[in-house]
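Scroll down for the structure; my scribbles are underneath it.
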Amino acid sequence: MIDISLIFGRLLAPDSPGAWKELDPSQWLAFNGVSGLNIAGPGRINGRGKAWWDQSCRDHPRLVGCSTLAPTAVKLVSCKNSSISEIHFVNSSQTHVLIRDCDGINIENVLIEAPERSPNTDGIHISASHNVVITNAIIGTGDDCVSIGDHTSNIVISYVKCGPGHGISIGSLGRSGNFVQVENIHVSKVHLQGTTNGARIKTWQVGRGYVRRVTFEDIFFWSVKNPIIIDQNYCNKSGACKEMETGVHITDVSFNQLYGTSSSRVAMNLNCSRSVACTSIYLKSIYLRSALAGQNVTSNCTNAHGIAFGVIQPDPCLQI
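In full-length UniProt numbering, the protein residues as written are 1 to 320.
So, in structure tokens, the structure goes:
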């Protein structure tokens, strides 16, 4: 067992990208191949990322020497039976916590903060990992509060407060045309406020494989732009994406007991592929209204097949 205790202390990253010269610019605190790692607080990990944000290629594409990579604050790679708890993460240059190729990770009682416009500052990103639990977290960043990548299974996310940010996202998946395997994802007891998305699944058209056995339940939205969204036709072009014959099959997805307000007219948007349609989508006990006085909300479905149970607002549009 390895214990790292940050008792009322602070870890400060160098505040200049120049400090990473001849070093790996993608990471700051990295742990590889460790079993029984326990990173515990109370304490603060401050990525001091502003200088990196100011030269981000995403936000400053015409800047000579802009950065496509920036350090992740804490990275766990190929770790087993490990945990992160009671830590306050602030202003990471890029992702705050990255879990990759891991098994048996618990993250609890963490606070993650970065400005709403800070680029690529995901709260927690999980990739190619299994048996991960995230609970009792407050996350507000410039990107996804929690994101789930390819080859990931048995993930439990609960009691999370998210906002600002881009919501709880499965994806994007299949960007390189690879075979996607994501399954057994359970998201519950989540409060989203002022986020650009709520419960989201996003896959690239060129991808293959599957996303299956996913549950979003007991979620509250407060002025969220896209409370419920599946986008199976994602591409990197402006405007509508061209139809393709490939796609990641999204099936056995439940949205249950979702309530709150939408800041956009389309509160439920299920945009699925004509070639590889979404199947076995289940809607139950959903009540969404507009965050704007006197406005109505609607739903939009394309190639989405499933069943609705109980009271659903806006009206469901699933195909049987």
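All residues carry an ideal CB built from backbone N, CA and C; glycine is no exception.
Straight-line spacing of the CA atoms in H151 and S169 works out to 15 angstroms. Restricting attention to alpha helix (DSSP H) runs no shorter than 4 residues, the stretch 236-266 encloses none. Of all C-beta pairs linking the stretch 115-131 to the stretch 47-56, three or more are shorter than 8 angstroms, placing the two stretches in contact. Per the DSSP secondary-structure output, W222 pairs in a beta bridge with Q193. Assignment of K50 by DSSP, reduced to helix, strand and coil, places it in the helix class. Looking from the CA of C278, the closest CA among R213, N226 and D101 belongs to R213.
Assignment of G171 by DSSP, reduced to helix, strand and coil, places it in the strand class. C145 and G294 have their C-alpha atoms some 30 angstroms from each other. At a Cβ-Cβ threshold of 8 angstroms, L292 and P316 do not count as neighbours. With a contact defined as Cβ atoms closer than 8 angstroms, A73 and H88 miss out at about 11 angstroms. Taking 8 angstroms as the upper bound for CB-CB distance, S26 and L69 are in contact here, some 5 angstroms apart. If the five residues before and after D218 are omitted, its C-beta is found closer than 6 angstroms to the C-beta atoms of S188, K189 and Q257, all from its own chain and listed in chain order. Listed as beta-bridge partners of G209 by DSSP are V180.
Between the C-alpha atoms of C162 and F221 there is a straight-line separation of about 10 angstroms. Inter-residue distance for E183 and I201 is about 12 angstroms (C-alpha atoms, whole angstroms).
Per DSSP, D24 lies in no beta strand (DSSP E) segment and is marked neither H nor E. Each of Y287, N300, L288 and F179 was checked against the Cα of D231, and the nearest Cα belongs to N300. Residue pairing by DSSP places S158 opposite T135 and S188 in a beta bridge. Residue environment for Y234: buried (at least 16 other C-beta atoms within 10 angstroms of its C-beta).
The C-beta distance from N131 to D101 rounds to 13 angstroms, too long to meet the 8 angstroms contact threshold.
Straight-line measurement puts the Cα of I185 at about 22 angstroms from the Cα of Y287. Here the alpha carbon of W28 sits roughly 5 angstroms from the alpha carbon of P71. In the structure shown, G18 adopts helical secondary structure according to DSSP, grouped into three states. The DSSP assignment places complete beta strand (DSSP E) segments of no fewer than 3 residues inside the stretch 55-106 at 72-77, 80-90 and 97-100, in order along the chain. The C-alpha of I148 is placed about 14 angstroms away from the C-alpha of S158.
Fewer than three beta-carbon pairs drawn from the stretch 74-82 and the stretch 10-19 are found closer than 8 angstroms, and the two stretches are therefore not classed as touching. Within the DSSP secondary-structure output, I320 pairs in no beta bridge. Separation of the CB atoms of V90 and R44 is rounded to 6 angstroms, and the pair is thereby assigned contact status at 8 angstroms.
Within the same chain, E108, N109 and Y159 come within 7 angstroms of N136 by CB-CB distance, once the 5 residues on both sides are set aside. Within the same chain, S78 come within 6 angstroms of G33 by CB-CB distance, once the 5 residues on both sides are set aside. Here the C-alpha atom of G123 lies approximately 20 angstroms from the C-alpha atom of I229. Looking from the CA of I134, the closest CA among I155, A30 and L318 belongs to I155.
The beta carbon of S83 is closer than 6 angstroms to those of N38 and N106 in its chain, skipping five residues each way along the sequence.
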